[in-house]
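In the numbering used here, the protein residues as written are 232 to 287. Quick reminder that beta carbons are idealized off the backbone N, C-alpha and C, glycines included. Computed from a prediction, not measured in an experiment: that's the story for all the values here. Here's the structure we're looking at; comments come further down.
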Amino acid sequence: MEKKRERIDIRVPIPLLRAIEKYQKETGIKTRTGAMMDLVRIGLKYKAPQKSGETF
Numbered sequence: 232m233e234k235k236r237e238r239i240d241i242r243v244p245i246p247l248l249r250a251i252e253k254y255q256k257e258t259g260i261k262t263r264t265g266a267m268m269d270l271v272r273i274g275l276k277y278k279a280p281q282k283s284g285e286t287f
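Here you go:
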């Protein structure tokens, strides 16, 4: 079963975008969206410990 997704549009400073693209290249992630989702997940795990059974 595919997880539902919602489209969002964001604007980021160019230096942040370059850092995201660098992360994407270093990790072999195919899309910028995938890299951004990965980085958000990492940030959420670091800043907000997950509740039991919660996944992103």
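Inter-residue spacing [alpha-carbon to alpha-carbon] between residue i and residue j
i           : j           : result
residue 250 : residue 235 : 27 Å
residue 275 : residue 245 : 23 Å
residue 259 : residue 268 : 14 Å
residue 279 : residue 256 : 27 Å
Assumed close pair residue i, residue j - CB separation to whole angstroms, cut-off 8 Å
i           : j           : result
residue 263 : residue 252 : 7 Å
Residue i: CB within 7 Å of a non-hydrogen atom of the ligand ATP
i           : result
residue 242 : You won't find the ligand ATP in this model; it holds no ligand whatsoever.
Exercise. At what residue ranges does the segment 233-268 contain a whole run of the alpha helix (DSSP H), taking only runs of 4 or more?
Worked result: Fully contained in the segment 233-268 are the following alpha helix (DSSP H) runs of length 4 or more, in chain order: 245-258.
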